[in-house]
Amino acid sequence: MEHLIEQLRHEQDLPDESLIQLIERDGDDTVLFQHADQVRREHYGTDVFLRGLIEFTNVCQNDCYYCGIRKSNHHTDRYRLTPEQILTCCENGYEMGFRTFVLQGGEDPRNTDEAICSIVDQIKNRFPDCAVTLSIGEKPRSSYQAYYDAGADRYLLRHETATDAHYRKLHPAELSLANRKRCLFDLKEIGYQVGAGFMVGSPGQTAKELVTDLRFLQQLQPDMIGIGPFIPHHETPFAQEKQGTLELTLRMLSILRLMFPYVLLPATTALGTISPIGRELGLKAGANVMMPNLTPNDARKNYDLYDNKICMDENAAKCRLCQEGRVRSVGCQIVSDRGDVRR
441 MEHLIEQLRH
451 EQDLPDESLI
461 QLIERDGDDT
471 VLFQHADQVR
481 REHYGTDVFL
491 RGLIEFTNVC
501 QNDCYYCGIR
511 KSNHHTDRYR
521 LTPEQILTCC
531 ENGYEMGFRT
541 FVLQGGEDPR
551 NTDEAICSIV
561 DQIKNRFPDC
571 AVTLSIGEKP
581 RSSYQAYYDA
591 GADRYLLRHE
601 TATDAHYRKL
611 HPAELSLANR
621 KRCLFDLKEI
631 GYQVGAGFMV
641 GSPGQTAKEL
651 VTDLRFLQQL
661 QPDMIGIGPF
671 IPHHETPFAQ
681 EKQGTLELTL
691 RMLSILRLMF
701 PYVLLPATTA
711 LGTISPIGRE
721 LGLKAGANVM
731 MPNLTPNDAR
741 KNYDLYDNKI
751 CMDENAAKCR
761 LCQEGRVRSV
771 GCQIVSDRGD
781 VRR
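In our numbering, the protein residues as written are 441 to 783.
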């Protein structure tokens, strides 16, 4: 298996059959992690970039089968942060050294283009040395252009799965993989730094479908790739499904680092949810981004995408301090800048 890892590292590709072998292998992944860590260090040294996450609305018009804030969940308290609350989150984050703010939310019908452009403009005017990332779902190209013109730098939109039949298993009929892909390519053409990504271990997923995800990412060439284990939520149709594993998620992180040496790769909250040291292991497997939460505590507890989500009751300062300790524990360092991709 080591010869496949060497080939992937130096050629950034393998035939589908070899990738499936690597994904399905049953053994120690230490060598794979070491190669991924070396590649990360070649491109980014020991730098780890922070993104200040602001979960500004848990209202969503969609009904995705895996998501805890789906519109059919009538047992969660819905909220929307005001522009003033969002700016306060940014002010607190700036004082703690954050230079990227990620506005993440459900597909809330009240998030008009005018409202999004206004808050982006206010953040950029108050914090001109910071990047603004949006993660608010599928929109018409004209909306993406308006946000970009207002000053948005990056956009995160996980494709979740690049196989149409699998997409159908995870989403209601009104959503389509074709439209999700259209959004991602629109964002690229407009000029955003674009993030895509997928769940690992989602219901019905096979190694062949993970290879299809990798092939789609090769086509898209995103700047950031966000992956995390599928974790069920008790108010969804997938409540009784088995969650994704730590082992496969870490393996996929390392494969992504070898295939996309330049990419910004987060060690996600979901990784930390399924293992107390999941984020540290993610960094050792090739990740180089952490996303501490700046959302006010009373709202944060209601942004429950999946069960047992960690850090729901920590304040932003404690979350920032905790993550710095985790980064240092694996021999890396947090850097206080925008953390743009280094292609």
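Where a beta carbon is used, it is the ideal one built from N, C-alpha and C, also for glycine.
Bear in mind that the values here come from a model prediction, so they are computed numbers and not experimental data.
Give me the DSSP bridge partner(s) of residue i.
{"i": "Thr540", "result": "Ala571"}
{"i": "Ile494", "result": "Leu543"}
{"i": "Glu600", "result": "Phe638"}
{"i": "Met730", "result": "Leu490"}
{"i": "Ile750", "result": "None; Ile750 has no bridge partner."}
{"i": "Met664", "result": "Gly635 and Leu704"}
{"i": "Arg697", "result": "Per DSSP, none; premise fails for Arg697."}
{"i": "Tyr595", "result": "Leu574 and Val634"}
{"i": "Arg520", "result": "Thr497"}
Is it buried or exposed, residue i, if we count other Cβ atoms within 10 angstroms and call 16 or more buried?
{"i": "Gln683", "result": "buried"}
{"i": "Leu689", "result": "Here residue 689 turns out to be Thr, not Leu, going by the sequence shown. Thr689 comes out buried."}
{"i": "Gln763", "result": "buried"}
{"i": "Gly631", "result": "exposed"}
{"i": "Ala725", "result": "buried"}
{"i": "Ala476", "result": "buried"}
{"i": "Pro716", "result": "exposed"}
{"i": "Thr522", "result": "exposed"}
{"i": "Asn551", "result": "buried"}
{"i": "Gly722", "result": "buried"}
Between the C-alpha atoms of residue i and residue j, what's the straight-line distance to the nearest angstrom?
{"i": "Gln645", "j": "Arg465", "result": "16 Å"}
{"i": "Thr573", "j": "Arg581", "result": "17 Å"}
{"i": "Phe473", "j": "Gly771", "result": "15 Å"}
{"i": "Leu543", "j": "Lys579", "result": "15 Å"}
{"i": "Arg608", "j": "Ala727", "result": "30 Å"}
{"i": "Gly765", "j": "Ala592", "result": "30 Å"}
{"i": "Thr713", "j": "Cys759", "result": "14 Å"}
{"i": "Ala707", "j": "Met664", "result": "12 Å"}
{"i": "His606", "j": "Ser616", "result": "11 Å"}
{"i": "Asp653", "j": "Gly533", "result": "33 Å"}
{"i": "Asp777", "j": "Val488", "result": "10 Å"}
{"i": "Leu596", "j": "Val640", "result": "17 Å"}
{"i": "Ser387", "j": "Arg655", "result": "Outside the modelled stretch of the chain, which goes from 441 to 783, sits residue 387, for which no answer is possible."}
{"i": "Arg768", "j": "His599", "result": "31 Å"}
{"i": "Pro701", "j": "His514", "result": "42 Å"}
{"i": "Met699", "j": "Lys648", "result": "17 Å"}
{"i": "Gln478", "j": "Ile576", "result": "34 Å"}
{"i": "Leu686", "j": "Thr709", "result": "12 Å"}
{"i": "Leu657", "j": "Lys628", "result": "12 Å"}
{"i": "Pro643", "j": "Ala679", "result": "11 Å"}
So is the beta-carbon of residue i under 6 Å away from any non-hydrogen atom of the ligand FMN?
{"i": "Gly637", "result": "You won't find the ligand FMN in this model; it holds no ligand whatsoever."}
If you follow the alpha helix (DSSP H) that residue i is in, where does it begin and where does it stop?
{"i": "Ile774", "result": "Run containing Ile774: none in the alpha helix (DSSP H); it sits in the beta strand (DSSP E), Gln773 to Val775."}
{"i": "Met441", "result": "From DSSP, Met441 is part of no alpha helix (DSSP H); its letter is neither H nor E."}
{"i": "Ile717", "result": "Per DSSP, Ile717 belongs to no alpha helix (DSSP H) and is neither H nor E."}
{"i": "Tyr484", "result": "Thr470 to Tyr484"}
{"i": "Cys557", "result": "Asp553 to Arg566"}
Any 3 or more C-beta pairs closer than 8 Å across the region 452-470 and the region 492-510: With the cut-off at 8 Å, the region 452-470 and the region 492-510 do not touch.
Cβ pair count under 8 Å reaching 3, the region 487-500 against the region 688-698: Not touching, per the Cβ criterion.
Segment contact, 8 Å Cβ cut-off, at least three pairs: the region 669-684 with the region 742-753: These segments touch.
Cβ contact (3+ pairs, closer than 8 Å) linking the region 536-546 and the region 562-579: Verdict: yes, contact present.
Any 3 or more C-beta pairs closer than 8 Å across the region 544-551 and the region 467-483: Below 8 Å, too few C-beta pairs join the region 544-551 and the region 467-483 to call them touching: fewer than three.
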